[in-house]
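Encoded as structure tokens, the structure appears first; notes follow it.
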Amino acid sequence: MKCVIKTKGFGDMVFTLFPELAPITTENFVKTAESGFYDGLAWCRIVKDYVIQGGSPDNDIMTDSDWHIKGEFAENGIPNPIPHKRGALSMARDDGYDTAGTQFFVVHQDAHKLDGRYAAFGQLTEGFQVLDQIAAVPTYGPETWNKPVEMPVIEKIMILREG
678 MKCVIKTKGF GDMVFTLFPE LAPITTENFV KTAESGFYDG LAWCRIVKDY
728 VIQGGSPDND IMTDSDWHIK GEFAENGIPN PIPHKRGALS MARDDGYDTA
778 GTQFFVVHQD AHKLDGRYAA FGQLTEGFQV LDQIAAVPTY GPETWNKPVE
828 MPVIEKIMIL REG
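Counting from 1, position 26 in the sequence shown corresponds to residue 703 in this note's numbering; the numbering is continuous, with no gaps.
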């Protein structure tokens, strides 16, 4: 299964999703994407050389989703072998293990400190230049927040099912 994230003015990023390794996380992301929830939202947190984050209902990383899923990662007792290397697609969450809902991130540069602590469920295969361009957008605010001055808009997230 593949996923295409189209960002207005930047281009497309294509990911391979791993439902066999993170079934709950992948199903949640796919259902949310196919509902059109992400269309028109923005990359609302950009930390160059770390991650770009999107999926907040109001483009504020502090806003929670209306639902939460089980966190599929080792610290929560669920093995997940997907590394948080450059291009990994993973779910953002609060401090609690089972608090992911709609927010997700793409790893800009290897961030193995996240391995076992966050639920990765995909890997970028095409569009690394798009990732780099988004990661270079100017930001402001506290270092951990990094709100883009002009938020790149996610036009659409398309799920491509093989077969």
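The beta-carbon is built from N, C-alpha and C at its ideal position, and this holds for glycine as well.
Roughly how far, in whole angstroms, is the beta-carbon of F798 from the beta-carbon of I746, given that I think they are within contact range, below 8 angstroms? With 8 angstroms as the limit, F798 and I746 do not qualify as a contact, their Cβ atoms being about 11 angstroms apart.
Can you have a look at E749 and say buried or exposed, based on whether 16 or more other CB atoms are within 10 angstroms of its CB? buried
Please name the residue in Q786, T821 and E752 whose C-alpha comes closest to that of D792. E752
Curious, which full-length alpha helix (DSSP H) runs of at least 4 residues does the segment 728-792 contain? none
Helix, strand or coil for A699 per DSSP? coil
Less than 7 angstroms between CB atoms is the rule here; does Y715 satisfy it with respect to chain D? You won't find chain D in this structure, because it holds only one protein chain.
Range covered by the alpha helix (DSSP H) that runs through A797: The continuous stretches of alpha helix (DSSP H) do not include A797, which lies in the beta strand (DSSP E) extending over residues A797 to E803.
Provide the residue span of the beta strand (DSSP E) that contains R722, from first to last. W720 to V724
In the DSSP output, which residue or residues are listed as bridge partners for I831? T684
For a quick check, are the C-beta atoms of R838 and M678 less than 7 angstroms apart? Result yes, Cβ atoms of R838 and M678 sit closer than 7 angstroms.
Cβ shell of N823 (< 6 angstroms), same chain only, five flanking positions each side left out: Shown here for N823: same chain residues with a beta carbon closer than 6 angstroms to its own, the five before and five after excluded, namely R722, I723, V724 and T816 in chain order.
For S733, which residues in the same chain have their Cβ closer than 6 angstroms to its Cβ, ignoring the five residues on either side in sequence? C721, T740 and Q780
For T802, count neighbouring C-beta atoms within 10 Å of its own C-beta (all shown protein chains included) and say buried if the count is 16 or more, exposed if not. Exposed is the call here.
Nearest residue (CA-CA) to G686, options I836, N736, A769 and P829: For the residues I836, N736, A769 and P829, the minimum Cα distance to G686 belongs to P829.
CB-CB length for V728 against H785, believed under 8 angstroms: 6 angstroms
Can you tell me the Cα-Cα spacing of L808 and G764, whole angstroms? 8 angstroms
Kindly indicate which three-state DSSP category F692 falls into: helix, strand or coil? strand
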